[in-house]
Structures are given as C-alpha cells and as structure tokens.
Amino acid sequence: MFGKPWIAALAAASLLAAAEPSAPLGTYRPAERRHWAFVPRAHVPPPYFTDARDRAWAASPIDAFILHRLQKEGLRPSPPADRATLIRRLYFDLWGLPPTPAEVDAFVRDHAPDAYSRLVDRLLASPRYGERWAQHWLDVVRYAETDGFEYDTHRQDAWRYRDYVIRAFNDDKPYDRFVQEQLAGDELAPQGDEALVAAGFNRLGPLRKNAGNQEVASSRNEVLTEMTNAVGAALLGVTLGCARCHDHKFDPIRQSDYYRIQAYFAAVYERDIDKATPEERRTWQAQAEPVEAEIKRLREAMNKAPREERGQWLMKIEAMQDKMPPPLPAIYTVANDPAKRSAIHLLARGEYQQKGARVGMRPLGVLLPDGAPELPDDTPSPRLELARWITHPDHPLTARVMVNRIWHYHFGRGLVSTPNDFGRMGARPSHPELLDYLANEFVRSGFRVKHLHRLILNSNAYRQSSSTRNAAAEEKDPENKWLWKFNRRRLEAEEIRDAMLAVSGSLNLKTGGPSVMVPIEKELVAALYKPAQWQVHKDPREHDRRSIYLLAKRNLRLPFMEVFDAPDFQVSCPRRESSTHAPQALELLNGALSNQQAERFAARLEREAGAHPGRQAVLAFRLAAGRPPTPRELALAKAYLASGSRREFALAMFNLNAFLYLN
Amino acid sequence: MSRHCRLTRNRREFLTDAFCGFGSLAFSAMLAEERARAGAADPLAPKPPHHAAKAKAVIFLFMSGGPSHLETFDPKPLLNKLHGQPRPQEFGEVKYQFVTQDAKLLGTKRSFKPAGKCGLPVSDLLPHTAECIDDIAVIRSCHGDMVVHSAAQYQLFTGRIIPGFPSMGSWLLYGLGTESRSLPGYVVMPDPHGAQEAGQPMYAQGFLPAVYQPTMFRPSGRPVLNLDLPSGVTLEERKKTLALIRGLNEASLTEGDAEFSARLNAYDLAFRMQMEAPEIFDVHHEPAATLEMYGVGKEPTDDYGRRCLLARRLVEKGVRFVCVVSGGGTGDLQWDAHSDIEENHLRMAAQTDQPVAALLKDLKRRGLLDSTLVLWGGEFGRSPESQGAKGRDHHNLGFTMWLAGGGIKGGQAVGATDDIGLRAIEKPYHLRDVHTTILHQLGLEQNALSYMHLGRKERLTEIEGQVIQEIV
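Those protein sequences? They're chains H and F, same order as listed. In this text, residue positions in the first sequence follow our numbering: the first is 1, and each later residue adds one. In this text, residue positions in the second sequence follow our numbering: the first is 1001, and each later residue adds one.
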C-alpha cells in the first residue's frame, strides 16, 4: 500500500525524463579556448641578468621575474626595509598580531645570515598563523554562523568548520585535499569527523526560511544556487554565477555549464550528525519535552481551526519554538540522498518555474574537448568527481587562482588584481610567467601553501621598503603594479582589534571552540529581529579572544568590524576595501572597545615603565608601533604626558598611523 | 583520475593570446575608475550628477510590513460588493504567504473622499496626507517579485532579493557624495519598537566601501553611536588629545601622501560632527507651532513626528538620504496586518499620518520640497482576500507607493490595479522603475552609476528599469 504510489511516481518520473529534451553539449570556439586562464600553465625559465648587482638582487626566480619587468618599465626596486619594519610586517602578515619589543630586539640584533628565514619558519609553525590565514579563506567562502534573512537562526556548531580551516592552514594540509574535503568530505571519508565538518562548506551560504506557504521548489533552487556559485567564485575563480540566468556575456561559460555544475549537487541535502554525550542528551530532553508537548498541542489545535487562521497558529508555534533549549552538539555536514535527487534544468532568468532543457553533471565545457559527455545521474560520489577535476594538477585555473590569492594577501594586490575573476572582464596577470611559475611550484610541492609562503616571503621583492620616495616611479606606476616598492597597508578590522588587545596586554590566546558574543550597545541588540539571540558570554576573559573567534552573525555585524571594512558575510569577498572616513575616527576616539583597551594599556605603561613620562612614551611606541619614537614624537609625547591623562595618551596611540598602518 | 580531466589547449595558443584581447581593455577601464576613487582625498565630497538634477536629497518614509493599498489610496467598490465571496476566476491565480486559494475576499471599512484640487480619492485613514495630495503622485500599479518580508525588503532597498547588495542610500552617497560637513550623509531612523525581518543588511552598503554605510540613528538619547565623549573625559582634555594625535600623525607625514592626509581630514570631520551634530539633533530648538504641527509632545504622533522633523533638519543641512521607518519588531507592530486590518492600520496611520503631512508642508514652506524627493510605501501591499476573519496577507502583485517633491508632478494617480486590487494591470511599475525614477530625479543614470564587483558592473537596478515618465 505504501509502496504503490512511490513506484507509480518513479515510473512517471522516468517517463518524464525520457520525454524531456536534454540541453546540447555545445561547442567552444578556438578563440574562446585560448583565453589566458584556460590554457595550460607555461614553464618559462626565470630571466638571466648579466649585471652582477642585478644577479644578486634576482637571486630567486620570483625576483628575477619581478626585476625583469621593472627594468622593462625603466624602474628599479627599492632598498630593503629595515629589520624592525620587516619583523612587524611578517608578524601582521602571518599572525595578524604585532611583535613584542623583545622579539623585535632579538631579531634586530640577530645578524646570522639565516635570521630572516628562521623567523619566517618560526612564524609559520605557530598556531597564530592559522588563525590569521583562515580568516582570508573565511572571507572567500562567506563564512557566517547564522542563516541570515528574517530569522537569522544561529548555527550553533558552525564554528567547527572555522576550526577546521584554522587547523588546515596550521597543518599545511595540501590544497587539493583541502578542496576535496570541503566539496565532498562526506563522500571522501564518511566516517571521519574532519572531512564531514569540512563538507559543511556546502552549507555556508545564507538560507531563507519563511513562515507560511513554503515554496519548497524555490528554496531548493536557492540552496543549489548558493552551492554552485561558491564553486565558481571560491575554487575556480570565474564568475560562474553570471551564467545562472543566461549564457555568460563575456566568458565562454554557457548557461548549460552553470546547471551542469549544479547537477553535481542535485542529491545534496543538509545532514546534522548528533555528537552529544548521553548525559547531554538527557538534560536536553528534560528541557525540551515540555516545550515539544506544547508545540504538539498547538499543532493539533491548528489542524482543527479554520484554514484561514493557520497563519496565527503558525506564529504561536514559532514563538514556542524559540523556547526550545539550544541544539545539542552536532556536525553540520551534507549527504547525498539519491531518492530525493532534484532534476536539474536550465532555468530561464534563473527562475525556478521557468524550466528549460534537462542537464546532467559535467565540468566547464570550455576546458573539455567538444562533445565530452555528461556523467550518468547514478555516478557514485559525484562531488568527489568534481573535486578531483578541480584539483587535477593540470587544471589551468585552480593552482593559479590559489597562488594568486596568496600573493594578493602578501602584497595587498594580486598578480591578477581580481582574485575571484580570471575571466575576460577580470584583470590580466601583471606577471603571467611569474604566476605560472608559482602555480607550478605549488603543484610540484604537493599543493603546500607554506611552501609558497616561504618562496614569497624570502624574496627580495617582499623585503623592499614601502616608504621609498621616487617621484619618477610614482609618476610612471602610481598603483605600484610592477612592485618597485612594497605596498603600505592599513591593518584590517580584526588586526586592529587583536593588536589593541595585544598591546594593552589583555589578549586571550585561547584557541578554538564555540564562538563568543561580546557586549555591544543595547540599542544594537534591540535592533535585532530577535534580540534574545544575542547572549553575551558570561566570562569576560572570553571577550578578549582573537577576532576570528567572535560570532559571525549575518544580521549584526560588530560596528567596529564594519567601520573598518570587514566583509558582510553575504557573498564571497576576495579583496577587502580599505576606506578612510570620519566614523572610524569616532569609533577609535569614543568607542567602548578602544577606550577600555586604552585604560588597560595605560595601566600597563605605568606598571612596566614606572612613572617616568619619557620611558612610558618609549614603551608605548615600541608596543604599538614596533619601534621607538623619533625625537620629535618623543618630545610631543613627553609634553602631553607631563600634564595630560595617561589613559588619553594610550588612546591617542591607537589613533596613530604608526599603529594602524603596516610599512 | 577523473573522467573529465582531458584538458586541451597548448602553450603556443597561450602566447598568441597573452598580449591582445578584451580583458586588458576592461582592466584599464577598471583601474581608471579605481584611481578616480582613490585619488579623491575625500570620497564623500559632493560629485556632479550625470545630468541636471531636480532633487538633491531623498526622504524615504518606509511603512514597514506592507501597508494596504485597499485601505489608503486605491478604492475598489467591487471588492466591497464581493465581500465574503471567493475570488472570481477571471482575476487569475496568485501565491500568498499564508492565505490559501479558498480564502474569501474582504471588503474595506474605510471610506474615500476626493481630496485637494486634483480630487484624487484618499481614504479617511489619512486625513492629513489628503491635505497634501496636490503635491503627491500616487503610483497605484507598483509590483515586486517577492511575497515574504525579508526578500521583498531587500528588493525594495537594494534591487535584489538577496542580501549583500548596496541600498539606495549607499548608491546615492557613492554617486553624489554629501553636502554636509558635519553630519553623516546617509541616515536611517529605525522604529524604536524593533527591527525589520531583513535586518541590518537591507540598509547596508553591501560590497561598497564602508564610507558609504548608513548611520543608524539610535531611538533613545543621542542618536549617533560614538558621538559622546567617553565618561570622565572633558572636552578640554579631548581637544588636547586630538592635538597630540594630529601632531604625531603629522610628524610622520610626507608630502603628497593622499591617504594620510585623508585620515587627518577624517579626524577634523569627526570632531565637527561631535560639536555640531547634537545641536542639529535637538528638535526642541524648533518653534512650538512647528512641534505641534508634527505632533511632537502628544501621542500617538510624538515619536514619528520627532523623527520626521529631524529628517527635515538633516536634509536642510545637506544630508543626502534619510530613511524614516514606521513599524518594527513583531509583525503587528509594523503595517503587517495579518490578523486585523482595521485595528492595525488605524493605529499605524494615527502614528504617521500627521507627521508625514507636516513634513511635506514644512518642506514646502521652507522651499525645500522642490529639491527633496519624498517616497512613501512599504515592501508590498496587502491581499484583497481576508486572512482569518479580519486580516490581510502580504501582496506583491499590485500595490501603492507615492512620491512627492524633488520635481515630481503631484496631484495625480498613475497606473491601476484590477477591479479587486489584485494585480497591477495598467502601466505596471516594478520596484526597479521606482529606483530608476529616484536616480533620474537626482541626476543619475542607472547604467552609469555602477561599481565593479566580482567581475560584474553592479548597479542599483539588476534589470534595467524605466523612468515613470508620467510624474517627472
């Protein structure tokens, strides 16, 4: 009796499948296939220099490619930055934290030829490194811990994915494995928590849940869209999302390519794996049972009530659901459910009701021979197939895109300045041979990110000064595209906050675990649709943890983060803005965080430098700017401290370019 | 190896393409745009519009939750005749959030009278607004794509049904800068009852730099975050601190450093804001008659009246975009009249009608209405069918918004819904057309006001909108 309609439905579905037209496999013109990012990587030997001085500077292949281009443009590299600048640069770059005065002193005094590369190795080996570099990846994959939209429901255990990313960077997990686990961890290692957590990648997008008449097909389409777009933006570095509604206007990505990628996700559904102990489960049940009973009662009442009163009953049920205890520990992952596989069609204008021809799984056609077939729907482990295609050593995009991201974070600008768009509307590489050299090295090393860090950080190009005055170069290359100097940059929101905590001596370096909600203005909490969601952590020491451990809530960005251009958690962010405006000054001058930290910083100055204004000023600069004050700075600081408040002086330090910028 | 790993193409082809093609052209255009933005020391400095502008500022009176067109500006005698009956089939199918296909039509208890010289009918819910009808262009044929709050609110503010895109206010700030040197250029005044379903991302700047973000005014005390000195710090002391910061930052400043100069300016502006803004925020400098006109000091108009009056004071000082939100928190505290349209709309209208009309009259007598575009409306309207016995559900296929001032030709109604107010059938105007019209009045072209993001030139209108020609 139960099976009958199911068999009938299946038969109807297969009839339908046979009757439905499939989209043609399509052909791609040679010109389309020749786009620089779609062709195999080149192996160009680094340029050779006849001049001995040039040869010395161009000791590494990176430097040879950079110098060659500089000379072609009639430019020269800048001299190296001084050692105090270099160590501060490395600390923020790799840890997102300032060095201590003792660490600066030790490095400045260490004249061994390998002092610098030992420093690089030491920083790369610390857990602080993963906490900094994971943030870059979290930007790219639009990581957040809430659903967004009207309920903005908290995803209690989403932090496990954040910790997974931190671990992956710290352990130097090969990037091919990293991608495979995220796209297809559940298929790759269904018994392993690590890979299951990683596959939560597929659930990172905003999720719309609404009361009332749910449009199931519409919601499903939105979920599939989020998964598909993430593959394009984060992994392939092409604007695949543009082909959702029509063939891509500029790149050889057809609408059928978009939906063929989507087909790999056709059977994907959310799966929460309970990780609670029996004790936790018992406590939870004791709290949940009365609420569940009440919900059941309300549902029964609703079913008896007239249909048009359904809305009101649903609202009552929803209010009761808010009273449920927080969910038990779980792993948020995905699983294939072939029985519930969505049929994937081309959708005119991306609208789920406007179904066109059917498609099956196939990667991007422009990277395949014409006529390459689709995979059958019953292919086992479909996402693993996709992941293996993406991470194949010869894939023209994957390695280039990742090495370009790494270069971008080190230099503040990618060799391709549009890190999520390697298509025709994106930028062309400034140094194509260098990009390919790095990508080749990346693949050769077994997709090791730390190998790339070492290559880049040990180059002379990276060690250049950022404060060179060179009017001719400024005129010729104002954006510093050819890297005739290092790029000064403002610290990012998390770096500013973490550095204030570090400088004031209150940074709590506890790693991992559930995210923390910090105290914020009452009015901001009141402005939430559900203010009860904001539960400030009871232990104040938790409020001093690194920013990566603060809750990433889609509908409430911390004002401090927002004002300093932290991304908005909604879409992939490959490159942060660095804007300058008055609310930043107001935040640093009058905000609760900076004033609280200034108070602690002032106390630290007195504790460690005694009552002497000169010594306090020197210590303040060494902590906040990584260097002693210049005579002019020292005079100004001493004059202020002679009569002004130490707390205001400490606050002033947080407002200095010397603190907020990295040379 | 995967079955799909046969990667074609060779190195010769790579080199052929390496120095020609489209990408480099697009890139240099993008760089020019970037340079233009980076080069200006102050990204908020006033910028010339694309064409002659009629309006300089926008006030959006956001009736959150979706006010009913059937109870306000769009009388439907047939709906009252068919009260209690199912919707006749000839009106077609629709999807609602809650009400089902077998729901019955709900007539309105409101009565409509011709108002002003133009004689447009306005319901007795809005007697004050009716007095201003000759300045108002009523668009009766608005429609949007979404029937749930969050997605519809995103579309209303950002043109997209998903979060992550810049709002109208951020676009205007990006396109035109601000004329105020001591106030934020884009202000949102939320309803003290609580937030909207779409939350903070609806008002935000999306992928635009943080300089274009909205300033959310707090409902209580002093409205702007961080304008007050920290407790225990005197103004004299703070002035000395600012002098120290300036001295130290100048000590390491080299000539021609645009970014560091911009930082010095930002501190000056921050200080001016701190000194001048509280004075502007204090509406009690206004004459008693003005306060009375807005309904300040009496219920239920005090709060919305205060905020409307503040909106006028901000616009007067050169603020570009002000959003004054009516409704917040649970649905019933918004215009979201699921359970009782009468009770809800009488209450919401009583809070807002007088302040809204006062704003229009006040702007007009000060000569500000010519340069200030006022927009009134919600993310959708309400269903002709009843929800429960007395409520109305969300409804996005045909509803009313109005515009006034800023060169808009008032005293007219544009477009029409069908005879039960279900669907916009005559001159339907999508939310994107409302956006396009606003941009047009401010002298901006929807296609020229764009920003390169993830490989696309993004703009406020995803699909190109049209200017509502009847009213400009």
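C-beta atoms are modelled at their ideal positions from N, C-alpha and C, and glycine is treated no differently.
Partners in chain H for residue i, counting only beta-carbon separations shorter than 7 Å
i: D1418/F; result: Neighbours of D1418/F on chain H: none; closest Cβ ~22 Å, over 7 Å.
i: D1228/F; result: N590
i: Y1267/F; result: A585
i: A1151/F; result: R208
Chain H within 7 Å of residue i, Cβ atoms only
i: L1460/F; result: no
i: T1100/F; result: yes
i: A1195/F; result: yes
i: P1260/F; result: It should be noted that the sequence gives Phe, not Pro, for residue 1260/F. It does; some Cβ of chain H falls within 7 Å.
i: N1249/F; result: yes
i: A1029/F; result: Low local confidence applies: a pLDDT of 40 at A1029/F is under 50, so the model's placement there is unreliable, and no value is given.
i: T1437/F; result: no
i: L1454/F; result: yes
i: H1338/F; result: yes
i: T1108/F; result: no
i: R1218/F; result: yes
i: T1241/F; result: yes
Simplified DSSP assignment, three categories, for residue i
i: A1055/F; result: coil
i: L1025/F; result: Note that L1025/F scores a pLDDT of 36, beneath 50, so its modelled location is shaky; the value from the coordinates is reported in the next line. Helix at L1025/F.
i: L662/H; result: strand
i: H154/H; result: strand
i: V618/H; result: helix
i: C1323/F; result: strand
i: N508/H; result: strand
i: V536/H; result: coil
i: T1352/F; result: helix
i: K485/H; result: coil
i: A9/H; result: Low confidence applies to A9/H: its pLDDT is 33, below 50, so where it sits in the model is not reliable, and the reading given next is rough at best. Of the three classes helix, strand and coil, the one that applies to A9/H here is helix, per DSSP.
Residue-chain proximity (residue i, chain F), Cβ-Cβ < 7 Å
i: E145/H; result: no
i: E492/H; result: no
i: V401/H; result: no
i: L550/H; result: no
i: F149/H; result: yes
i: L138/H; result: no
i: A168/H; result: no
i: A439/H; result: no
i: L528/H; result: yes
i: L577/H; result: Before going further, note that residue 577/H is Glu rather than Leu in the sequence given. Cβ-Cβ to chain F under 7 Å: yes for E577/H.
i: E318/H; result: no
Paired residues, beta bridge with residue i - DSSP
i: D272/H; result: Y332/H
i: H1453/F; result: R1456/F
i: P1428/F; result: Answer by DSSP bridge pairing: none, since P1428/F is not bridged.
i: W1402/F; result: V1138/F and W1376/F
i: G1391/F; result: Q1387/F
i: I209/H; result: According to the sequence as given, residue 209/H is Lys; it is not Ile. Bridge partners of K209/H: none, in fact.
Chain H residues whose Cβ lies nearer than 8 Å to that of residue i
i: I1245/F; result: A652, N655 and L656
Proximal chain F residues relative to residue i, where beta-carbon distance stays under 7 Å
i: T580/H; result: E1259, A1262, R1263 and A1266
i: S645/H; result: E1237
i: R152/H; result: One detail in the question is off: residue 152/H reads as Asp in this sequence, not Arg. Simply G1199.
Partner residues on chain H for residue i, Cβ-Cβ distance less than 9 Å
i: P1046/F; result: Those within 9 Å of P1046/F in chain H number zero; the least Cβ separation is about 15 Å.
Contact set between residue i and chain F, taken where Cβ atoms lie within less than 9 Å
i: V571/H; result: I1162, P1163, G1164, F1165, G1206, F1207, H1453 and L1454
Under 9 Å (Cβ pairs) to chain H, residues found in the segment 1181-1213 of chain F: P1184, P1190, P1192, G1194, A1195, Q1196, E1197, A1198, G1199, Q1200, P1201, A1204, Q1205, G1206, F1207, L1208, P1209, A1210, V1211, Y1212 and Q1213
Of all the residues that make up the segment 593-604 of chain H, which are near chain F by a beta-carbon distance shorter than 8 Å? N595
Could you please tell me which residues of the segment 538-567 of chain H, in chain order, have their CB closer than 9 Å to any CB of chain F? R554, N555, L556, R557, P559, E562, V563, F564, D565, A566 and P567
Please identify, using Cβ separations under 8 Å, the residues of the segment 405-421 of chain H that lie next to chain F, in order along the chain. Of all residues in the segment 405-421 of chain H, S417, T418, N420 and D421 have a Cβ within less than 8 Å of some Cβ in chain F.
Using Cβ-Cβ distances below 9 Å, what residues of the segment 1378-1392 of chain F are close to chain H? Across the segment 1378-1392 of chain F, CB contacts with chain H closer than 9 Å involve E1385, S1386, Q1387, G1388, A1389 and G1391, in sequence order along the chain.
Near-chain H residues of the segment 1270-1295 of chain F (beta-carbon distance less than 9 Å), N- to C-terminal order: Residues of the segment 1270-1295 of chain F with a C-beta atom less than 9 Å from some C-beta of chain H are A1270, F1271, R1272, M1273 and Q1274, listed in chain order.
Using Cβ-Cβ distances below 9 Å, what residues of the segment 283-313 of chain H are close to chain F? P306, R307, E308, E309, R310, G311 and Q312
In chain order, what residues of the segment 615-640 of chain H put their CB closer than 9 Å to some CB of chain F? Within the segment 615-640 of chain H, the residues whose Cβ lies closer than 9 Å to some Cβ of chain F are P629, T630, R632, E633, L636, A637, A639 and Y640, listed in chain order.
In the segment 1298-1317 of chain F, which residues sit with their C-beta less than 9 Å from some C-beta in chain H, listed in chain order? none
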